[in-house]
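In order, the protein sequences belong to chains A and B.
When the letters of the first sequence are read in order and numbered with the numbering used here, they come out as residues 1 to 807.
When the letters of the second sequence are read in order and numbered with the numbering used here, they come out as residues 1 to 176.
All residues carry an ideal CB built from backbone N, CA and C; glycine is no exception.
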Amino acid sequence: MSDTPTAAALKLAPAQLRRRCDLRAAGFATTDELQEPDGILAQARAVDAIRFGIGMRSDGYNLFAMGPDGHGRHTTVRNILTERAAREPLPSDWCYVFNFETPHKPTRLDLPAGRAQQFRQDMQRLVEDLQAGIPAAFETDEYRARRQEIETEFNERQEKGIGAVGEKARGEHIALLRTPSGFAFAPVHKDGVMEPDQFRTLPAEEQKRIENAIAALQADLEKVIEEVPKWRREAQRRLRELNRQVTRSAVASLIEDLRNDWGALPQVRQYLARVQEDVLDHAEHFRQPKEGEQPTLFGIPVPRTEPSESPLRRYQVNVLVEHSKSQGAPVVYEDNPNYGNLIGRVEHVAQMGTLLTDFTLIKAGALHRANGGYLVLDALKLLMQPFSWEMLKRALRSREIRAESPAQAYSLISTVSLEPEPIPLDVKVVLVGERLIYYLMHAYDPEFRELFKVASDFEEDTERGGGTELAHARVIATLARREKFRPLERAAVERVIEHAAREAGDAERLSLHLRGLVDLLRETDYWAQDAGHAAVTAADVARALEAREHRLDRVRDRMLQEMLRGTLLVSSAGERVGQVNGLAVLQLGGFAFGMPNRITARVRLGGGKVVDIERETEMGGPIHSKGVLILSGFLSGRYAVRQPLSLSASLVFEQSYSGVEGDSASSAELYALLSALAEAPLRQSLAVTGSVNQHGDVQAIGGVNEKIEGFFDLCHARGLDGHQGVLIPASNVKHLMLHDRVIDAVTAGKFHLYAVETVDQGIEILTGQPAERINRRVEERLLDFAQRARSAGAAERKKPWRARPQK
Amino acid sequence: MARPATEVKRRIVVLLDASGPGIEALEAAAARAAEVEAELVAVFVEDVDLLHVAGLPFAREIGVASATRRAMDAGAMERSLRALAGEARRSIEAVARRVPLQWSFSVARGALSEELLAAAAEADLIVEALCGSERAALQLAALCREPERARLVRARTRREVQALRRELQKRELQRR
Numbered sequence: 001m002s003d004t005p006t007a008a009a010l011k012l013a014p015a016q017l018r019r020r021c022d023l024r025a026a027g028f029a030t031t032d033e034l035q036e037p038d039g040i041l042a043q044a045r046a047v048d049a050i051r052f053g054i055g056m057r058s059d060g061y062n063l064f065a066m067g068p069d070g071h072g073r074h075t076t077v078r079n080i081l082t083e084r085a086a087r088e089p090l091p092s093d094w095c096y097v098f099n100f101e102t103p104h105k106p107t108r109l110d111l112p113a114g115r116a117q118q119f120r121q122d123m124q125r126l127v128e129d130l131q132a133g134i135p136a137a138f139e140t141d142e143y144r145a146r147r148q149e150i151e152t153e154f155n156e157r158q159e160k161g162i163g164a165v166g167e168k169a170r171g172e173h174i175a176l177l178r179t180p181s182g183f184a185f186a187p188v189h190k191d192g193v194m195e196p197d198q199f200r201t202l203p204a205e206e207q208k209r210i211e212n213a214i215a216a217l218q219a220d221l222e223k224v225i226e227e228v229p230k231w232r233r234e235a236q237r238r239l240r241e242l243n244r245q246v247t248r249s250a251v252a253s254l255i256e257d258l259r260n261d262w263g264a265l266p267q268v269r270q271y272l273a274r275v276q277e278d279v280l281d282h283a284e285h286f287r288q289p290k291e292g293e294q295p296t297l298f299g300i301p302v303p304r305t306e307p308s309e310s311p312l313r314r315y316q317v318n319v320l321v322e323h324s325k326s327q328g329a330p331v332v333y334e335d336n337p338n339y340g341n342l343i344g345r346v347e348h349v350a351q352m353g354t355l356l357t358d359f360t361l362i363k364a365g366a367l368h369r370a371n372g373g374y375l376v377l378d379a380l381k382l383l384m385q386p387f388s389w390e391m392l393k394r395a396l397r398s399r400e401i402r403a404e405s406p407a408q409a410y411s412l413i414s415t416v417s418l419e420p421e422p423i424p425l426d427v428k429v430v431l432v433g434e435r436l437i438y439y440l441m442h443a444y445d446p447e448f449r450e451l452f453k454v455a456s457d458f459e460e461d462t463e464r465g466g467g468t469e470l471a472h473a474r475v476i477a478t479l480a481r482r483e484k485f486r487p488l489e490r491a492a493v494e495r496v497i498e499h500a501a502r503e504a505g506d507a508e509r510l511s512l513h514l515r516g517l518v519d520l521l522r523e524t525d526y527w528a529q530d531a532g533h534a535a536v537t538a539a540d541v542a543r544a545l546e547a548r549e550h551r552l553d554r555v556r557d558r559m560l561q562e563m564l565r566g567t568l569l570v571s572s573a574g575e576r577v578g579q580v581n582g583l584a585v586l587q588l589g590g591f592a593f594g595m596p597n598r599i600t601a602r603v604r605l606g607g608g609k610v611v612d613i614e615r616e617t618e619m620g621g622p623i624h625s626k627g628v629l630i631l632s633g634f635l636s637g638r639y640a641v642r643q644p645l646s647l648s649a650s651l652v653f654e655q656s657y658s659g660v661e662g663d664s665a666s667s668a669e670l671y672a673l674l675s676a677l678a679e680a681p682l683r684q685s686l687a688v689t690g691s692v693n694q695h696g697d698v699q700a701i702g703g704v705n706e707k708i709e710g711f712f713d714l715c716h717a718r719g720l721d722g723h724q725g726v727l728i729p730a731s732n733v734k735h736l737m738l739h740d741r742v743i744d745a746v747t748a749g750k751f752h753l754y755a756v757e758t759v760d761q762g763i764e765i766l767t768g769q770p771a772e773r774i775n776r777r778v779e780e781r782l783l784d785f786a787q788r789a790r791s792a793g794a795a796e797r798k799k800p801w802r803a804r805p806q807k
Numbered sequence: 001m002a003r004p005a006t007e008v009k010r011r012i013v014v015l016l017d018a019s020g021p022g023i024e025a026l027e028a029a030a031a032r033a034a035e036v037e038a039e040l041v042a043v044f045v046e047d048v049d050l051l052h053v054a055g056l057p058f059a060r061e062i063g064v065a066s067a068t069r070r071a072m073d074a075g076a077m078e079r080s081l082r083a084l085a086g087e088a089r090r091s092i093e094a095v096a097r098r099v100p101l102q103w104s105f106s107v108a109r110g111a112l113s114e115e116l117l118a119a120a121a122e123a124d125l126i127v128e129a130l131c132g133s134e135r136a137a138l139q140l141a142a143l144c145r146e147p148e149r150a151r152l153v154r155a156r157t158r159r160e161v162q163a164l165r166r167e168l169q170k171r172e173l174q175r176r
């Protein structure tokens, strides 16, 4: 069968099937001669947004860098941030120190950048010096003498008081005796105490007198003894005062040194003053502990827990963040943004079965490290971590970092823990994630809108032109150099760029999927090495692409085999009424391929309904159903307009055992239907893709390259006879980036591609008959149906044609 | 009571009673005796005055710590004295468990017996920690008034006990 004039006119030339990349004008032999690209490749919108976002210092201008994975979002964000951060000032160092007033609320100190370690060491040295200086002060003779004085005075006072009572007793012939736990009075007889028997022999009034005298003396003695604790307190107070004096002299000079170094910082000055007071109060901590004294609990020796329990820990400085080795503002990427890693944690140590903590166990999180700079997080990872997102929002809203555990924050437990003084937060957060996440968060989380006002939307592909091709070549060169691959020859670069267009599914655009690009370069490098090439050639690139395809094409191969064996019925020669080859794209993992699929239509007299069997069996998706309903619209709008549509038609994808989605087969279905109505056979050597609207215009579809190659491969396997080909929508021609094997066959005239704009053009190519003839026959058939329906309706008035009751 | 000149017998005699820091003095002396391999003779003197006071119908004890009056009775006082004597004995036993020590312990009521006085007369050092027990104290004082007799050190207060410790170290009780 020869082509009709229409078919000949719509046939595509080989040059239209693949837009070649030609970099001869750039004048380079290998990528070694190419420079780095200036700026970030074709992401102007995203880059502008990032620059704007980090430039806005106001609250809520945090960034969300969105776009599909592998398009360089992280790299771009990091590069821009690092470049900007290097010009910004270093933020403060942050420390936590002991809070002498409320120990469970550690105090924060901010120190000039890079000086925290110095302060920590200075404090450590102070403690060491005090440990030497204070005991020395207490070992002086002066201290010992003054202490002795106080003790002696107390003893003498006590002895004098009791002695006076004893003296008075003696005057009354009464002795003051020491008993094992106190004193007693007794009447004296000769040189000893009067014996009880002797006392009983005394006259009654004498006994009475003695008893009264003793009672009076007892009262006196009680008064004296009651005074003793007061004297002791007095003595202790004086001793404490003495200790303070001695300590003060030792401490003052040491702290004075520190104050000279750090006094310019008011916070530190205040802290040092408190340290001084505390050391005076707790001088005993600085005396050396007795050697070999093992601490015990209920008599059981327990291990020494130093240094965690040492009372001197309180003078330590916990350096949370320090920038002594950094330059510029920090840029922090937290790969595992769980609660503790973000906000820091208060750790505990187990001691005797209980968990203890203090300010030295506060650990910094990513927010601390990024404070004063930038924090980059992966949005999905952040959302997958319990409590992290809520905590991050709270921190950004309140502009402070409050290191508390989720259990504390949600009041789940109430063990003794710390409430560190919150640290002021000034950070720009950049979330990196898929677009879907951005849109979902934007829709469902009102706070997200408040806090992340700047979206940086990354492109998946870019317009293809001479300039962008060269820029792309430079990116390839840079990546090859960075990853230490072999340089690529110019032809290889052209091949890689053409592949980028194929990836974009558009001859006029280039994919910006950088990770995919790096992977391809890595694989081409491997094959170049395999072939012993010093530079990567175009053949290596082709081999890499083929090998990649081959690794993934098992399913395609099996399907093709079944078609060749006749298990899956797909014709590629001959003619048949009501049957056409549709094309579908299957996506498995990262591999997409096209496959022909037989579509059939049957018609008969009926109630004006086109039955889509896919839909009836719930195997067709909504877009597919829509496509079929549009067919009904086209039919009823175009043919036998004045008559009721009295047709019953059924459409099916033969041998389809899973779902069908998309409307790209709607033109094929229409051709099958028209063929069935006109009883005009369709050429089985052709396959069809394209959707159709109610006016009969053929519209663009996706995956055109894969679809063409799918049918080509089948025909090629069966042997090309020069009649085979594919009808594609004319609007898809710009997307053609076909494989060389197809182009070669087209060039040789063994395979044909037709760019179709209307259904009329398509039916003409498929039937080999003018469209008017087909249309007339369809019209006649439908009129015939309508007439028959009327006469059948008159015969059986009461019985509607509807096969089943309406749902 | 002359000593055979050949027999150099070192002896420390400690007399203590219920009140005062007697046990501390005893421990110090016991430790030193063990060190220089001297014999330790400890005598716990039960102060008869205390027993008499406790027997008096109106007897009251005023606590040092509490400054309150407590009724006393003779039975309780005896028990209390026995307990203290036991404690003193245990303190020597504790020293003797650690280091070899030749020691004796006896309890005297009121005055010292002839044997005790004889033992005391032979001592190189007498430690007197008697806060009550006037008679025993007088007996010792009389014993030591003779110039060639043993040296008497008083340890009736804590301060005196500290002085005793220093004295024990200084005194020429060298190891044999």
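Please name the residue in the options whose C-alpha comes closest to that of residue i.
i	options	result
A/Asp-557	A/Leu-720, A/Ser-571 and A/Leu-586	A/Leu-586
A/Glu-706	A/Thr-689, A/Ala-717, A/Val-698 and A/Gln-699	A/Thr-689
A/Asp-506	A/Ala-9, A/Ala-7, A/Arg-20 and A/Glu-156	A/Arg-20
A/Ile-516	A/His-533, A/Leu-545 and A/Ala-538	Residue identity differs from the one stated: residue 516 of chain A is Gly in this sequence, not Ile. Cα-wise, what sits closest to A/Gly-516 is A/Leu-545.
A/Arg-51	A/Thr-76, A/Gly-72 and A/Ala-29	A/Thr-76
A/Ile-613	A/Glu-780, A/Val-628, A/Gly-114 and A/Leu-686	A/Val-628
A/Phe-185	A/Leu-221, A/Ala-573 and A/Ser-656	A/Leu-221
Residue i by DSSP, collapsed to three states: which one?
i	result
A/Pro-5	helix
A/Ala-573	coil
B/Gly-86	helix
A/Asp-129	helix
A/Asp-197	helix
A/Leu-351	The sequence shown places Gln at residue 351 of chain A, rather than the Leu named in the question. Strand, per DSSP.
Against chain B, does residue i count as a neighbour if the rule is that its beta carbon must be under 8 Å from one of theirs?
i	result
A/Thr-179	yes
A/Leu-221	yes
A/Phe-183	yes
A/Glu-195	yes
A/Glu-211	yes
A/Ile-423	no
A/Phe-199	yes
A/Gln-218	yes
A/Ile-150	no
A/Ala-113	no
Please tell me whether residue i has its Cβ less than 8 Å away from any Cβ of chain A.
i	result
B/Arg-69	yes
B/Glu-46	no
B/Ile-62	yes
B/Phe-105	no
B/Arg-165	no
B/Ala-59	yes
Use the C-beta contact count for residue i: other C-beta atoms within 10 angstroms, 16 or more gives buried, fewer gives exposed.
i	result
A/Asp-713	buried
A/Lys-428	buried
A/Pro-386	exposed
B/Pro-21	buried
B/Leu-16	buried
A/Gly-67	buried
**OP:** Anything in the segment 222–235 of chain A with a Cβ closer than 7 Å to a Cβ of chain B? List those residues in chain order, please.
**Re:** The residues in question are Glu-222, Ile-225 and Glu-226.
Original post:
Looking at chain A, which residues of the segment 71–88 of chain B have a Cβ within less than 7 Å of any of its Cβ atoms?
Top reply: Answer set for the segment 71–88 of chain B: Met-72, Ser-80 and Leu-84.
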